[in-house]
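Residue numbers (the numbering used here): 29 to 175. Every residue gets a Cβ at the ideal spot worked out from N, C-alpha and C, and that includes glycine. Working notes, structure below.
Laid out in structure tokens, this is it:
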């Protein structure tokens, strides 16, 4: 969403791109033009099929692609381009072996997650919190259980 892209820019993203096309190669060309180059390393965090395709097409030959986000169990992606470009693909399971490290970084003040919290709801309004999430209106939504 535009609000998420604006938040990314606010938090330091060099470039943001709103995917409006289904064609991964065409969108990747626009991303490469925006960045001024192909990426050495692409980290895909949505798990959305079109974003996976864009990520692979915009990775430079010999580059690396990391799949962090998970969506559907099976997706279509440009396997021939991966082979021709000799892209190394890595899968990672979020939270495996890094949860404590992330907590430590936040506790030490090295990572500020507060700007990512866009909404807070009391426990009795939990349904509204889930509806807000489903609508894509926030980034991180907190349900407060202590009130």
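Annotation for residue 130: 139 place their beta carbon closer than 8 Å to its own, counting only its chain and skipping 5 residues before and after. Close CB contacts of residue 96 within its chain, under the 7 Å cut and outside five residues either way in sequence, are with 71, 72, 73, 120 and 122 (chain order). For residue 145, the CB contacts under 8 Å within the same chain, skipping 5 residues up- and downstream, are 167, 168, 169 and 170 in chain order. A residue is called buried once 16 or more other Cβ atoms fall within 10 Å of its Cβ, and residue 112, having fewer, is exposed. 79 is the residue among 153, 79, 43 and 37 whose C-alpha sits nearest the C-alpha of residue 56.
Residue 108 has its alpha-carbon roughly 44 Å from the corresponding atom of residue 136. Residue 29 sits in coil when the DSSP states are folded into three classes, being neither helix nor strand. For residue 149, the three-state secondary structure derived from DSSP is strand. By a beta-carbon distance limit of 8 Å, residue 98 contacts residue 75. Their separation comes to about 4 Å. Counting the other Cβ atoms within 10 Å of the Cβ of residue 87 gives 16 or more, which makes it buried.
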